[in-house]
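Student:
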Amino acid sequence: MISHLPVLQVIVPLMAAPICLLLKRSQLVWLFSLFASAIAFIISVLLLQQVMTSGVISYELGGWEAPWGIEYRIDQLNAFLLLIISGVSTVVLIAAQTSIEKEIPKEKHTLFYILYLLSLTGMLGIVSTGDAFNVFVFLEISSLSAYALIALGQDRRALWASYQYLIMGTIGATFILIGIGLMYQMTGTLNMQDLSQRLPDVAQTRTVFTAFAFVIVGVCLKLALFPLHLWLPNAYTYAPSIVTAFFAATATKVAIYLLIRFTFTVFGLSFSFTTLPLQELFLLLGLTGIFVASSAAIYQKNVKHVFAYSSIAQVGYIVVGFSTSTITGLTATLLHLFNHALMKSAIFLALGAVVYRLGNVQLSSFNGLGRQMPLTMAAIVIGGLSLIGVPLTVGFVSKWYLLTALLEKGWWPVAILILLGSLLAVIYVWRIVEAAYFKKPLAGSVPVKEAPLFFLIPIWLLITANIYFGIDSRLSLKVASAAAQSLLGVSP
Amino acid sequence: MKDLFAVVMLLGIYSLLSASFFVAMDAVDVAFTEAAVGAGISTLLMLVVITITGRSEKTTRHKPLLALLVVVFTGSMLIYGTFDMPYFGIADAPIHSHVAPRYIQESMKEVGIPNIVTSVLASYRAFDTFGEVVVIFTAGIGVMALLSVGRRPEENEKTTAIDDSMHEQYLVIRIVTKMLIPFILLYALYVQFHGDFGPGGGFQAGVIFAAAIILYTMLFGLTTARKVINQSFIQFIAAAGVLLYGCVGIVSMLNGANFFDYNALASDPVAGQHLGILLIEWGVGCTVASVMIMIFFNFAERREMQQNNEKINNIEGDSL
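Going down the list, the sequences are from chains A and B. Numbering (the numbering used here) for the first sequence: 1 to 492. Numbering (the numbering used here) for the second sequence: 493 to 812.
(1) Looking only at its own chain, which residues have a Cβ that is under 6 Å from the Cβ of Arg497 of chain A, when we skip the five neighbours before and after it?
(2) Rounded to whole angstroms, what is the Cα-Cα separation between Ser510 of chain B and Ala680 of chain B?
(3) How many Å lie between Phe41 of chain A and Ser512 of chain B at the Cα?
(4) Output, in sequence order along the chain, the residues in the stretch 745 to 766 of chain B whose CB is closer than 9 Å to any CB in chain A.
(5) Taking a cut of 8 Å between CB atoms, which residues from the stretch 58 to 85 of chain A lie near chain B?
(6) Mind checking Asn682 of chain B: buried by the 16 CB within 10 Å criterion, or exposed?
(7) Exposed or buried, which one is Ser491 of chain A when buried takes at least 16 other CB atoms within 10 Å?
(8) Note the first and the last residue of the continuous beta strand (DSSP E) segment covering Arg73 of chain A.
(9) Hey, does Phe791 of chain B have any beta-carbon neighbour from chain A nearer than 8 Å?
(10) Is the beta carbon of Leu403 of chain A sitting closer than 8 Å to the one on Leu77 of chain A?
(11) Hey, does Ala213 of chain A have any beta-carbon neighbour from chain B nearer than 8 Å?
(12) Would you say Ser615 of chain B reaches chain A, if we count a Cβ-Cβ gap shorter than 8 Å as a contact?
(13) According to DSSP, what are the bridge partners of Asn191 of chain A?
(14) Which residues in the same chain have their Cβ closer than 6 Å to the Cβ of Leu424 of chain A, if we skip the five residues on either side of it in sequence?
(15) Count the other CB atoms within 10 Å of the CB of Glu773 of chain B; is the residue buried (16 or more) or exposed (fewer)?
(16) My parser needs the alpha helix (DSSP H) runs of 4 or more residues fully inside the stretch 132 to 184 of chain A; what are they?
(17) Tell me whether Asn607 of chain B sits in a helix, a strand or coil according to DSSP, three-state version.
(18) Starting from the beta carbon of Gly690 of chain B, find every residue of chain A whose beta carbon is closer than 8 Å, and list them in chain order.
(19) Given that Tyr184 of chain A touches chain D, what residues does it touch there, using C-beta distances under 9 Å?
(20) Per DSSP, which one or two residues make a beta bridge with Ser58 of chain A?
(21) Using only the alpha-carbon positions, how far apart do Gly692 of chain B and Gly777 of chain B sit?
(22) Please list the partners that Asp495 of chain B has in chain A, where partner means a Cβ-to-Cβ separation under 8 Å.
(23) Measure the C-alpha to C-alpha separation of Lys304 of chain A and Val361 of chain A and round it to an integer number of angstroms.
(24) Taking the C-alpha atoms as reference points, what is the distance between Gly764 of chain B and Ile141 of chain A?
(25) With a threshold of 8 Å between beta carbons, is Ile114 of chain A in contact with chain B?
(26) List, in order along the chain, the chain A residues whose C-beta lies closer than 8 Å to that of Val627 of chain B?
(27) Quick one: measure Cβ to Cβ for Phe752 of chain B and Phe619 of chain B, integer angstroms, because I've assumed they're closer than 8 Å.
(28) Shortest alpha-carbon distance to Ser58 of chain A belongs to which of A:Val7, A:Ile94, A:Ser270 and A:Trp68?
(29) Roughly how many whole angstroms lie between the Cα atoms of Thr496 of chain A and Ile571 of chain B?
(30) Taking Thr121 of chain A and Ser37 of chain A to be in contact with their CB atoms under 8 Å, please state how far apart those CB atoms are, rounded to whole angstroms.
(31) Which partner residues of Asp518 of chain B appear in the DSSP bridge assignment?
(32) Just how far apart, CA to CA, sit Met377 of chain A and Ala451 of chain A?
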C-alpha cells in the first residue's frame with residue numbers, strides 16, 4: 001500500500017464524502033469525517049518522511065505514463081503543504097461538532113461535513129497533482145464547496161459574501177483555465193514537468209506571454225493579493241467559525257502554492273522573472289497589501305474582520321518573501337505558510353469559541369472576557385503575539401528569515417517597512433487585549449463560562465505548536481529550506 | 493437588457509450556436525455535451541430560477557464603467573494572445589504532434605474502443621473525469637445545503653385541490669409528454685451505452701435522463717414526482733455513482749495495479765478496459781442524472797412553497 005500513498009492522500013477524504021451522505025446521523029458523520037481527515041494526515045506525514053529520505057515520488061494514475069496519463073508528483077514542497085492542509089483540517093474538525101451545533105440547523109450537519117471533506121479533497125488534489133488540467137478540476141471541487149460552506153453562515157450577509165467570492169473565484173478559475181488552455185495549445189501537453197521542458201522553446205511567443213499573465217492574475221485572485229482581496233474579509237467574517245478557521249489556514253496557502261508552482265516549476269525562474277516585472281510588481285503589491293490591510297484591520301469593530309484583514313496583510317509578507325526569489329526568501333515564504341496556518345487556525349478557532357458562548361464577536365462584547373474565558377483569551381493573545389512576530393513564537397521565526405533574506409538582497413528599506421508593518425499588527429492585537437483584560441464588562445451583559453473542552457483541546461494543540469515551532473524550528477526549517485532548494489534547482 | 497427571460501433564452505441560443513460551432517470543428521462529443529448541458533439543462537434550471545425571482549432585473553444605480561474597462565482589457569489580452577497561435581488545423585501544431593499521435597494510433601490496441609474521445613476521458617485521463625463527477629456531486633450537495641427547506645409541510649388540502657385543477661388544463665401536453673417520456677429515457681440509455689462507439693457517454697446520458705424526469709415533474713407536479721422518486725433515494729443514487737466510479741479505482745488498486753488501471757480488472761487487459769469504462773460511465777450517468785434531478789427538485793420545492801403561501805393568502809383574502 002505504501003506505493004499508493006500519493007493517490008490515497010486524495011482518495012480517502014474524497015470517498016468519505018459520499019459515504020457521509022449515506023450515514024446521515026450527525027454525530028456519526030462527524031466521527032467519520034474526523035477519522036477520514038486523520039487518516040489523510042497520517043498519510044501526509046508518511047509521504048513527507050518518504051520524500052525527505054528518498055526524493056520525489058511519482059505516481060501514474062491509470063498506469064499510463066506521464067504526458068499521456070495524469071501523474072501525481074510529490075516533492076518536498078507538495079508534501080509540506082499536504083501536511084499543513086490535512087493537519088489543520090484534522091485539528092479544526094475536533095471542534096466542529098460543538099461549534100456547528102449552535103451555528104447551523106441540525107438537518108444540514110451532514111451536508112456541512114460532506115462539503116468540508118470535499119473542500120479538503122479539492123485542496124489536497126490541487127497540491128498533489130503534477131498535471132495542469134487536473135489542478136483546475138480539483139480547484140473547482142474546492143471552490144464550489146467553499147462557496148456553499150461560506151453561505152451556510154448564520155448571518156444573512158454570509159450569502160452576499162459567498163456570492164462575491166463566487167464571482168471573484170470563478171473569474172480566477174476561468175483565467176487559470178484560459179492560461180492552461182493556451183499553454184496546451186503551444187506545447188501539446190498538460191503535464192507540468194513536460195510543460196517546463198517544452199515551454200522554453202516557445203517562450204518568446206505572445207501566446208505564452210498571455211497564458212502566463214492569465215495564470216498569474218487568476219491565481220492572485222484566489223490568494224487575495226492586494227488589490228484583488230475584496231472578497232476575503234466578508235467571506236471569512238460571515239462564514240461559520242469552523243469554516244473560517246479551516247480556510248484562513250489553508251485556502252490562500254493553496255493559491256500561494258499554485259503561484260510558486262507555476263512561476264518556478266512550469267514557466268521557470270528565468271521566464272517568470274524576466275518577461276513581466278514580476279519581482280517589482282509583487283514586492284510593491286505585497287508591501288501595499290501589508291499596510292492597507294493592517295491599517296484597515298485597526299478600524300474594524302468585528303474581531304473576525306480584524307483577523308481577516310490581518311490575513312490579507314500576511315499574504316503580503318508571503319508575497320514579499322516570494323518576490324526576492326532567493327533561497328532564503330523562499331524559505332521564509334514557505335515557513336510563513338506553515339506558521340501562519342498555525343496561528344490563524346488557532347485564533348479563528350478561539351473566536352469560534354467566543355461565538356459559541358456569546359453569539360457574536362463584536363469588539364465591544366470582548367470587554368472583560370479575559371476573566372470569564374481565560375484560556376480562550378490567552379490563546380488569542382499568544383496567537384496575536386505570534387502574528388506580530390514576538391520571539392519564542394513561530395511568527396518570529398518566519399519574520400526573522402524574511403528580514404535576513406531582504407538584507408541579503410540589500411533591500412534594507414523594504415526590511416524597515418516590514419518592521420513598521422509589524423507595529424501596525426501590535427495596534428490591532430492590542431485593541432483586543434485592551435478590551436478583554438482592561439475594560440469592565442458592558443453593563444447588563446450576562447457573564448459567560450470558559451469554552452467547552454472540545455474547543456480548548458484543538459485551540460491549545462495549535463497554540464502549543466505555535467510555541468514549540470517558535471522555539472525549536474529545526475523541523476519546519478529543514479523541510480522549508482529543502483523545498484526552496486529543490487524549487488530553485490540547487491541540489492541540497 | 494432588463495428582461496431576464498430574454499437573457500436566459502439568448503444564453504440558450506448562444507450555447508446551441510457554440511454546439512454547432514463545435515460540430516463544424518469536428519468535435520462532436522463536445523458539441524453533444526454543450527447541446528445537452530449548456531443549451532438543455534442549464535437553460536431549464538435558469539428558467540426555474542426566474543419563476544422564483546421574477547422576470548425583470550432590479551435597476552441598479554452604479555455605472556459599470558470599471559467593469560467594462562476590465563472586460564475590454566481582458567478581451568484585448570486574449571486577442572493579443574492569438575497572434576502567435578499556430579494556424580487552425582495545421583498538421584504540425586504542437587497539439588497534434590506531441591501526445592495526440594499515441595491516442596490516435598495506439599488507443600484501439602491499448603483500450604480497445606473505437607471512440608478515441610471516450611478512451612481519453614475514461615481511461616487515459618480517467619482521474620480528471622472522476623474529478624468532474626465529484627464537481628457535479630459537490631454542486632448538488634451545495635444546492636441542497638443552501639436551498640433545502642427541511643421537512644416538507646404536510647400537503648395542504650386547499651393547495652392540492654388547486655394544483656389538480658391547474659394540471660387538468662394542459663391535457664394535450666400531458667398526453668403527448670406521457671408518450672414521449674419512454675422514448676427520452678430509452679434514448680438516454682442508448683447514449684449511455686453508445687459512448688464507446690460514437691459521441692455520447694455518462695454525462696450526456698445523465699442529463700437527458702434527468703430531462704425526462706424534469707419534464708414529468710413540470711407537468712404532473714412535484715408531489716406526484718416525489719411519489720416516484722423521493723429525496724433520500726435520489727441522494728443515495730448520487731452518492732452511489734461517485735462511489736462506484738471510485739471503487740473501480742480501488743479494485744484495480746487491490747489487484748496490484750495503480751489507481752484506475754483497468755488492465756488489472758480482468759485477465760485480458762482490453763477486456764479489463766472495457767469493463768472499467770462501462771462501470772465508470774455508469775457511475776457518471778447515475779451521479780449526473782440524480783444531481784440534476786436533485787437540483788431541480790430543490791428549486792421547484794422552493795417555488796412551490798412560495799406559491800402555496802401566496803395562494804393560501806389569496807384564498808383567505810377571498811373568503812374574508
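In this text, a Cβ means the ideal position worked out from N, Cα and C, and glycines have one as well.
Tutor: According to the structure shown:
(1) No statement about residue 497 of chain A is possible, as the shown extent of chain A runs from 1 to 492 and does not include it.
(2) By 1-based counting over the second sequence, the position of residue 510 of chain B is 18. By 1-based counting over the second sequence, the position of residue 680 of chain B is 188. Each residue's alpha carbon lies about 22 Å from the other.
(3) Translated into the one-based positions of the first sequence, residue 41 of chain A becomes position 41. Translated into the one-based positions of the second sequence, residue 512 of chain B becomes position 20. If you take the alpha carbons of Phe41 of chain A and Ser512 of chain B, they lie about 48 Å apart.
(4) Met745, Ala749, Asn750, Phe751, Phe752, Asp753, Tyr754, Asn755 and Ala756
(5) Tyr59, Glu60, Leu61, Gly62, Gly63, Trp64, Pro67, Trp68, Gly69 and Ile70
(6) As a working note, residue 682 of chain B is residue 190 in the second sequence. Note that residue 682 of chain B corresponds to Tyr in the displayed sequence, not to Asn. When all chains shown are included, Tyr682 of chain B counts as exposed.
(7) Locating residue 491 of chain A in the first sequence gives position 491, counting from the first residue. Residue placement at Ser491 of chain A is poorly supported in this model, since its pLDDT is 46, which falls under 50; the coordinates still yield a value, given next. So Ser491 of chain A ends up on the exposed side.
(8) For the purposes of this step, residue 73 of chain A is identified with residue 73 of the first sequence, where counting begins at 1. Taken as a continuous stretch (DSSP letters only), the beta strand (DSSP E) holding Arg73 of chain A covers Ile70 to Ile74.
(9) Taking the second sequence and counting its residues from 1, the one referred to as residue 791 of chain B is at position 299. No, Phe791 of chain B lies away from the interface with chain A (no Cβ there is under 8 Å from its Cβ).
(10) Stepping through the first sequence from its first residue, residue 403 of chain A is reached at position 403. Stepping through the first sequence from its first residue, residue 77 of chain A is reached at position 77. No, Cβ-Cβ distance for Leu403 of chain A and Leu77 of chain A is not below 8 Å.
(11) On the first sequence, residue 213 of chain A is found 213 positions in, with the first residue counted as 1. Yes, because at least one Cβ of chain B sits closer than 8 Å to the Cβ of Ala213 of chain A.
(12) Along the second sequence, read from residue 1 onward, the residue named residue 615 of chain B stands at position 123. Output row for Ser615 of chain B: interface = yes.
(13) Here residue 191 of chain A is taken as the residue at index 191 of the first sequence, counted from 1. In DSSP, Asn191 of chain A forms a bridge with A:Asp131.
(14) Within the first sequence, residue 424 of chain A is the residue found at index 424, counting from 1. Excluding sequence neighbours, Leu424 of chain A sits near Ser294.
(15) Along the second sequence, one-based indexing puts residue 773 of chain B at 281. The residue in question, Glu773 of chain B, is buried, as its Cβ has 16 or more Cβ neighbours within 10 Å.
(16) 132 to 151
(17) Counting from 1 along the second sequence, the entry for residue 607 of chain B is found at position 115. Coil, per DSSP.
(18) In the second sequence, residue 690 of chain B corresponds to position 198, counting from 1. Simply none; closest approach about 23 Å.
(19) The chain labelled as chain D is not found among the protein chains of the depicted structure, namely A and B.
(20) The residue given as residue 58 of chain A occupies position 58 in the first sequence. In DSSP, Ser58 of chain A forms a bridge with A:Arg73.
(21) Along the second sequence, one-based indexing puts residue 692 of chain B at 200. Along the second sequence, one-based indexing puts residue 777 of chain B at 285. Straight-line Cα distance between these residues: approximately 11 Å.
(22) Counting from 1 along the second sequence, the entry for residue 495 of chain B is found at position 3. Within chain A, no residue comes near Asp495 of chain B; the closest Cβ sits about 22 Å away, beyond 8 Å.
(23) For this step, residue 304 of chain A is matched to residue 304 along the first sequence. For this step, residue 361 of chain A is matched to residue 361 along the first sequence. The alpha-carbon atoms of Lys304 of chain A and Val361 of chain A are separated by roughly 7 Å.
(24) The residue given as residue 764 of chain B occupies position 272 in the second sequence. The residue given as residue 141 of chain A occupies position 141 in the first sequence. Answer to the nearest angstrom: the Cα atoms are 29 Å apart.
(25) Taking the first sequence and counting its residues from 1, the one referred to as residue 114 of chain A is at position 114. True, the Cβ-Cβ gap to chain B drops below 8 Å.
(26) Residue 627 of chain B sits at position 135 when you count from the first residue of the second sequence. The contacting residues are Val137, Glu140, Ile141 and Leu144.
(27) Within the second sequence, the letter at position 260 stands for residue 752 of chain B. Within the second sequence, the letter at position 127 stands for residue 619 of chain B. Correct: roughly 6 Å between the Cβ atoms.
(28) As a working mapping, residue 58 of chain A is identified with position 58 in the first sequence. When only C-alpha atoms are compared, the closest one is A:Val7.
(29) In this structure chain A extends from 1 to 492, so residue 496 of chain A is not present and cannot be described.
(30) Locating residue 121 of chain A in the first sequence gives position 121, counting from the first residue. Locating residue 37 of chain A in the first sequence gives position 37, counting from the first residue. Rounded, the Cβ-Cβ distance is 10 Å, inconsistent with contact.
(31) Counting from one through the second sequence, the residue named residue 518 of chain B turns up at place 26. In the DSSP output, where bridge partners are listed per residue, Asp518 of chain B has none listed.
(32) In the first sequence, residue 377 of chain A corresponds to position 377, counting from 1. In the first sequence, residue 451 of chain A corresponds to position 451, counting from 1. If I take the Cα positions, the gap works out to 10 Å.
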